[in-house]
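Notes follow the structure.
Numbering (the numbering used here), first residue to last: 227 to 484.
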């Protein structure tokens with residue numbers, strides 16, 4: 227279901243007055259929603275916001291004009307779905323956190339070993355130089371305001387280069403910036419070396435990072451994940467990426483390394 231397209235009314239001038247929490251409950255009841263526990267509904271509406279809950283009850287509305295609900299649609303059911311979505315976001319964030327840290331490590335490792343500690347600052351290693359310049363400006367700003375101990379240490383210890391080596395720099399890069407830098411890398415060999423770590427083709431990896439950034443931002447800003455049509459999708463790998471699964475696992479993988 228497309229929640230936006232299915233429940234859009236003709237455009238009119240907005241003139242609705244604010245409603246008290248009690249009035250919000252009465253409005254829902256007048257539309258057919260069952261409120262079994264009024265104090266509980268009052269509590270959730272006063273802390274979660276009516277419009278935060280709207281996307282969770284829209285699928286249960288049968289008429290886009292009158293906003294009437296299906297029979298036996300309860301406020302408790304809506305809250306249960308909201309709570310499920312909240313837990314889902316936290317689980318997704320936890321998994322993304324592990325993958326993001328791993329990708330930072332791989333990006334820094336392969337770039338540094340092929341080109342050097344500060345080569346990431348050189349536009350010649352990127353396909354779209356204009357985009358890289360914009361991304362570098364954002365990174366410089368992030369570096370200038372960073373309060374991280376290792377960044378302060380670099381500033382206080384070294385006179386040049388101005389910016390830290392890539393293995394330190396990647397730790398203050400956002401996932402979005404990391405995604406852009408990876409996709410913009412001139413060297414296909416580096417992109418593929420990084421993606422091999424996760425059993426992915428470099429093109430799939432680029433789309434995966436873009437999608438991951440999008441989903442992470444949704445989760446980090448408490449946006450709805452349940453029943454959402456994702457606008458940014460990743461390319462599907464040809465086979466199950468076992469190494470990607472392992473990179474996000476808390477279990478120690480079997481290895482022959484010492």
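Every residue, glycine too, gets a C-beta built ideally from N, C-alpha and C.
Proximal residues to residue i (C-beta, below 6 Å), its chain only, five neighbours per side dropped
| i | result |
| --- | --- |
| residue 336 | 416, 419 and 420 |
| residue 376 | 394 |
| residue 287 | 293 and 295 |
| residue 433 | 460 and 461 |
| residue 317 | none |
| residue 319 | 445 |
| residue 334 | 392, 393 and 396 |
Exposure label - residue i; buried when at least 16 CB within 10 Å
| i | result |
| --- | --- |
| residue 386 | exposed |
| residue 309 | exposed |
| residue 240 | exposed |
| residue 361 | buried |
| residue 442 | buried |
| residue 414 | exposed |
| residue 273 | exposed |
| residue 458 | exposed |
| residue 405 | buried |
Start-to-end residues for the alpha helix (DSSP H) that takes in residue i
| i | result |
| --- | --- |
| residue 340 | 301-341 |
| residue 285 | Residue 285 -> no alpha helix (DSSP H), and no H or E assigned at all. |
| residue 395 | 392-395 |
| residue 255 | 247-256 |
For residue i, three-class secondary structure by DSSP
| i | result |
| --- | --- |
| residue 240 | coil |
| residue 353 | coil |
| residue 291 | coil |
| residue 375 | helix |
| residue 441 | helix |
| residue 260 | strand |
| residue 436 | helix |
| residue 346 | helix |
| residue 275 | coil |
| residue 267 | helix |
| residue 456 | coil |
| residue 450 | coil |
| residue 461 | coil |
| residue 384 | coil |
Any C-beta of chain D under 8 Å from that of residue i
| i | result |
| --- | --- |
| residue 433 | The structure shown contains no chain D; it holds only a single protein chain. |
Same chain, Cβ closer than 7 Å to residue i, neighbours up to 5 away in sequence not counted
| i | result |
| --- | --- |
| residue 371 | none |
| residue 354 | 410 |
| residue 346 | 337, 392 and 395 |
| residue 245 | 253 |
| residue 326 | 401 |
| residue 267 | 251, 261 and 301 |
Spatial neighbours of residue i in its chain, beta-carbon cut-off 8 Å, leaving aside the 5 residues before and after
| i | result |
| --- | --- |
| residue 250 | 271 and 276 |
| residue 407 | 333, 346, 352, 358, 361 and 399 |
| residue 431 | 408, 417, 420, 421 and 424 |
| residue 428 | 414, 417, 418, 420 and 421 |
| residue 454 | 444 |
| residue 440 | 456, 457 and 458 |
| residue 374 | 397 and 398 |
Quick one: complete beta strand (DSSP E) runs, 3+ long, within the segment 398-433?
-> none
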